[in-house]
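**Q** Residue numbers (my numbering), protein chains in the order written: chain A, 220 to 344; chain U, 220 to 344; chain G, 220 to 344; chain B, 220 to 344. Okay, handing you the structure first.
Protein chains: 4
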Amino acid sequence: MSHELAVRVYYEDTDMGGIVYYANYLKYIERARSELVEDLGMNQLEMREAGVVFVVTRVVADYLGSARLDDRLTVLTEHRPKGPVRWIFDQEVRRGDEVLFRAEVTAACMTLDGRPTRLPPQLRD
Amino acid sequence: MSHELAVRVYYEDTDMGGIVYYANYLKYIERARSELVEDLGMNQLEMREAGVVFVVTRVVADYLGSARLDDRLTVLTEHRPKGPVRWIFDQEVRRGDEVLFRAEVTAACMTLDGRPTRLPPQLRD
Amino acid sequence: MSHELAVRVYYEDTDMGGIVYYANYLKYIERARSELVEDLGMNQLEMREAGVVFVVTRVVADYLGSARLDDRLTVLTEHRPKGPVRWIFDQEVRRGDEVLFRAEVTAACMTLDGRPTRLPPQLRD
Amino acid sequence: MSHELAVRVYYEDTDMGGIVYYANYLKYIERARSELVEDLGMNQLEMREAGVVFVVTRVVADYLGSARLDDRLTVLTEHRPKGPVRWIFDQEVRRGDEVLFRAEVTAACMTLDGRPTRLPPQLRD
C-alpha cells in the first residue's frame with residue numbers, strides 16, 4: 220500500500236523551460252519520505268538528537284514527463300527494508316494517472332559520525 | 220481579511236544553522252500570493268499567454284524569529300492596489316501566534332516586454 | 220571600496236518567466252557576504268563553533284531589471300558596522316553597468332541561543 | 220579527458236544536517252553540463268529559439284561522501300553520444316581526491332513539443 224502526498228507546483232519549482240527543474244523532483248520525494256517517517260511514528264529531530272540519521276546513498280531516477288506551474292501532483296511512496304541497515308523507497312510523481320517521474324531511493328541508517336547502524340525496530344524485516 | 224496558507228518546513232528549506240534559510244521565506248510568501256491570485260479568479264498561465272504578468276519590484280522584509288524542521292507555519296496575506304499599476308501585499312509567516320517573518324511586497328502589472336500596464340479590473344480601487 | 224563577486228546564471232536560477240527567480244538574488248548576495256567575511260579573516264564555521272553567528276534581520280530589496288540564463292553578473296558589496304551589534308551591507312547585482320538588483324541587508328551578531336552580542340573586533344567602528 | 224568546473228559550497232547549499240542537501244548535487248552537475256555545452260560551441264538559448272533542447276531523462280546517482288560549508292569542490296564530466304538522440308554524461312563531484320558524488324546522466328535531444336530529434340553534428344559518433 221502506498222503513502223500519498225499532494226504537491227502543488229509553484230514558480231519556485233519551474234525553470235526557464237516552463238517546467239519543473241529536474242533537481243526539484245528530489246525535493247518532492249523527500250517531502251513524502253519525511254511525512255512517511257512521521258506516519259511510522261519516528262521523529263527525525265529526536266532521532267538526530269539520539270545520534271541516528273537516514274542518509275540517502277543512491278538515487279535511480281527516470282524523468283518520464285514534465286510538470287508545469289499550478290499542476291497538482293501526487294507523490295506515491297512504497298518502502299521496504301533491505302538488510303539490517305538500508306531502507307528502499309519506490310517513489311512516483313504523478314499528475315492524475317500519468318507518471319511524470321519515478322525513482323528508487325536507497326537510504327542508510329547512520330550514526331552522526333557516519334557509521335552504518337541498525338534500522339529502528341519498526342522498519343526491520 | 221487575510222488569506223491564509225499552511226506551509227510545512229522540510230529538509231530542503233533548512234540550512235546548516237538548523238533553521239529555514241533566509242531566501243526561502245520569499246518562496247513561502249510567493250506560494251501564498253499565487254494561491255491568492257487564483258482565489259481572485261485569475262490564472263497566471265492564461266495571463267502570461269495574454270501578455271500580462273505580475274513582477275515583484277520591491278521587498279521589505281523583517282526576520283523576527285527562526286523556523287525549524289517540521290514546523291507548521293501559516294502565511295497570512297493582505298493586499299491592496301496602489302495606483303493603476305501596483306499591487307501591495309502585507310505578508311506574515313507565523314508559527315502559532317508568533318510572527319517569524321514579515322514582509323511588504325510590491326508587484327507591478329507588466330507586459331511581457333516590460334512596460335507597466337493597468338491592473339486587471341478585479342484588483343482596481 | 221567595493222567587494223566584487225562574479226556570478227553566472229544557470230538553469231537552477233531561472234523560473235518559467237525566463238528570468239532569475241526573485242528569491243535567488245538573496246542567494247547571490249549571500250555568496251558575496253560569505254566571501255567578504257572570509258576576506259576579512261573570519262571563518263563562519265569557526266565562529267559557529269565559538270558560539271557566534273551573523274543572522275540577517277532585515278532586507279530591503281529593489282528589483283530593477285531581469286537577469287537571464289548565461290548572464291555574467293557582478294555582486295558589489297559595501298559594508299559598515301551600525302552600533303555594537305549590527306552590520307549593514309549595501310549590495311548590488313549588476314550586468315555590466317546595468318544595476319538589476321539592489322539591497323540593504325542588516326545582519327546582527329548573535330550567540331547560538333539568539334542573544335545579540337558584540338561584533339568581532341575587525342568590524343567595530 | 221574531463222571537463223572540470225570549480226564549485227564552492229555556500230549556505231544556500233547546506234541543510235540542517237550541516238552538509239550539502241542531496242538535491243543540490245544535481246545543480247552542481249548541471250552547471251558543469253551547461254559550461255560543457257558552451258565549450259563545445261553550442262548556445263542553449265539559441266538552440267531553444269531554434270526549437271531544440273536537451274532534456275534529462277535518467278539520473279543514476281551515488282552519494283559517497285558529504286560536502287560542507289566553504290568546501291571547494293570540483294565537478295568532473297566526461298561525455299559520449301549514445302545512438303542518434305541520447306547524450307550520456309559521467310560526472311563526479313570531488314573534494315581534492317575524494318569522490319563525494321558520482322552520477323550517470325542521460326539527456327535526450329528533443330524538439331520543444333517533446334519529440335526526440337537528432338543530436339547536433341558536433342555530438343554525433
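Quick reminder that beta carbons are idealized off the backbone N, C-alpha and C, glycines included. Please read all numbers here as calculations on a predicted model, not as lab measurements.
Does the beta-carbon distance from residue 277 of chain G to residue 281 of chain U come in below 7 Å?
**A** Against a cut-off of 7 Å, the Cβ pair of residue 281 of chain U and residue 277 of chain G comes out as a contact.
**Q** Should the region 279-299 of chain G be regarded as contacting the region 321-332 of chain G, the criterion being three or more beta carbon pairs within less than 8 Å?
**A** Yes, they touch.
**Q** Tell whether a beta-carbon distance below 7 Å holds between residue 242 of chain G and residue 251 of chain U.
**A** It is not a contact, given that the beta carbons lie outside the stated cut-off.
**Q** When you compare the CB of residue 245 of chain G with every CB in chain U, is at least one pair closer than 7 Å?
**A** Yes, residue 245 of chain G lies at the interface with chain U (some Cβ there is under 7 Å from its Cβ).
**Q** Taking residue 229 of chain U as the query, report the chain A residues whose CB atoms sit under 7 Å from its CB, ordered along the chain.
**A** What residue 229 of chain U touches in chain A: 249, 250 and 253.
**Q** DSSP three-state call for residue 252 of chain A: helix, strand or coil?
**A** It is helical.
**Q** Any residues in the region 302-333 of chain B with a beta carbon nearer than 8 Å to a beta carbon of chain G? Which ones, in chain order?
**A** Result list empty, no residue passes.
**Q** Classify residue 258 of chain U as helix, strand or coil using the three-state DSSP reduction.
**A** In this structure, residue 258 of chain U counts as helix in the three-state DSSP scheme.
**Q** Taking the alpha-carbon of residue 259 of chain B as reference, which of B/330, B/311, B/312 and B/222 has the nearest alpha-carbon?
**A** Nearest option by C-alpha distance: B/222.
**Q** By DSSP, does residue 240 of chain B sit in helix, in strand, or in coil?
**A** Residue 240 of chain B: coil per DSSP, three-state reduction.
**Q** Around the C-beta of residue 286 of chain G, are 16 or more other C-beta atoms found within 10 angstroms, so that it is buried, or is it exposed?
**A** Residue 286 of chain G should be labelled buried.
**Q** So, is residue 333 of chain B buried or exposed, given that buried needs 16 or more other C-beta atoms within 10 angstroms?
**A** When all chains shown are included, residue 333 of chain B counts as exposed.
**Q** Please report the distance separating the alpha-carbon of residue 232 of chain B from that of residue 335 of chain U.
**A** Using only the alpha carbons, I get a separation of about 35 Å.
**Q** For residue 281 of chain G, which three-state DSSP category applies?
**A** It is a strand residue.
**Q** Grab me the residues of residue 272 of chain G's own chain with a C-beta within less than 7 Å of its C-beta, minus the 5 sequence neighbours each way, in chain order.
**A** Excluding positions up to five away in sequence, the list reads 266, 329 and 331.
**Q** When the cut-off is 7 Å and only beta carbons count, does residue 293 of chain U lie next to chain B?
**A** Residue 293 of chain U does not count as touching chain B.
**Q** Under the three-state reduction of DSSP, which class applies to residue 299 of chain G: helix, strand or coil?
**A** Three-state DSSP puts residue 299 of chain G in a strand.
**Q** Assuming contact is defined by CB atoms lying nearer than 7 Å, are residue 318 of chain A and residue 247 of chain A in contact in what I supplied?
**A** The answer is no: Cβ separation not under 7 Å.
**Q** If you compare alpha carbons, which of B/255, B/229 and B/301 is closest to residue 257 of chain G?
**A** Closest by alpha carbon: B/229.
**Q** Looking at residue 224 of chain B: is its Cβ nearer than 7 Å to the Cβ of residue 294 of chain B?
**A** Yes, the pair counts as a contact, with Cβ atoms nearer than the cut-off.
**Q** Kindly indicate which residue of A/342, A/262 and A/338 has the alpha-carbon position closest to the one of residue 289 of chain U.
**A** Residue 289 of chain U has its Cα closest to that of A/262, out of A/342, A/262 and A/338.
**Q** Residues of chain U with CB under 9 Å from residue 289 of chain A, in chain order?
**A** The answer, in chain order, is 253, 257, 262, 263 and 264.
**Q** Does any residue of chain U bring its CB to less than 7 Å from the CB of residue 280 of chain G?
**A** True, the Cβ-Cβ gap to chain U drops below 7 Å.
**Q** Helix or strand or just coil, what does DSSP make of residue 335 of chain A?
**A** Residue 335 of chain A: strand per DSSP, three-state reduction.
**Q** At the level of alpha carbons, what is the spacing between residue 339 of chain A and residue 226 of chain A?
**A** Rounded to the nearest angstrom, the two C-alpha atoms are 28 Å apart.
**Q** Below 7 Å CB to CB, which residues in the same chain sit around residue 274 of chain B once its five sequence neighbours on both sides are set aside?
**A** 326, 327 and 329, listed in sequence order.
**Q** So residue 242 of chain A contacts chain G; which residues on that side make the cut at Cβ distance below 8 Å?
**A** Those are 231, listed as they occur along chain G.
**Q** Closest to residue 283 of chain B by C-alpha separation, out of B/305, B/238 and B/302, would be which residue?
**A** When each option's Cα is compared against that of residue 283 of chain B, the closest is B/238.
**Q** May I ask you to report which of helix, strand or coil DSSP gives residue 343 of chain G?
**A** Note: residue 343 of chain G maps to coil in three-state DSSP.
**Q** Do residue 300 of chain G and residue 342 of chain G count as a contact pair if the criterion is CB distance below 7 Å?
**A** Yes, the Cβ-Cβ distance between residue 342 of chain G and residue 300 of chain G is below 7 Å.
**Q** So residue 297 of chain G packs on residue 316 of chain G, CB below 8 Å; how close in whole Å?
**A** Wrong, their Cβ atoms sit about 17 Å apart, outside the cutoff.
**Q** Give the secondary structure of residue 292 of chain U by DSSP, where H, G and I count as helix, E and B as strand, and everything else as coil.
**A** Here residue 292 of chain U sits in strand by DSSP.
**Q** Run through DSSP, which three-state label would residue 267 of chain G get?
**A** Correct three-state label for residue 267 of chain G: helix.
**Q** With DSSP collapsed to three states, give me the class of residue 219 of chain A.
**A** There is no way to answer for residue 219 of chain A, as the model of chain A reaches only from 220 to 344.
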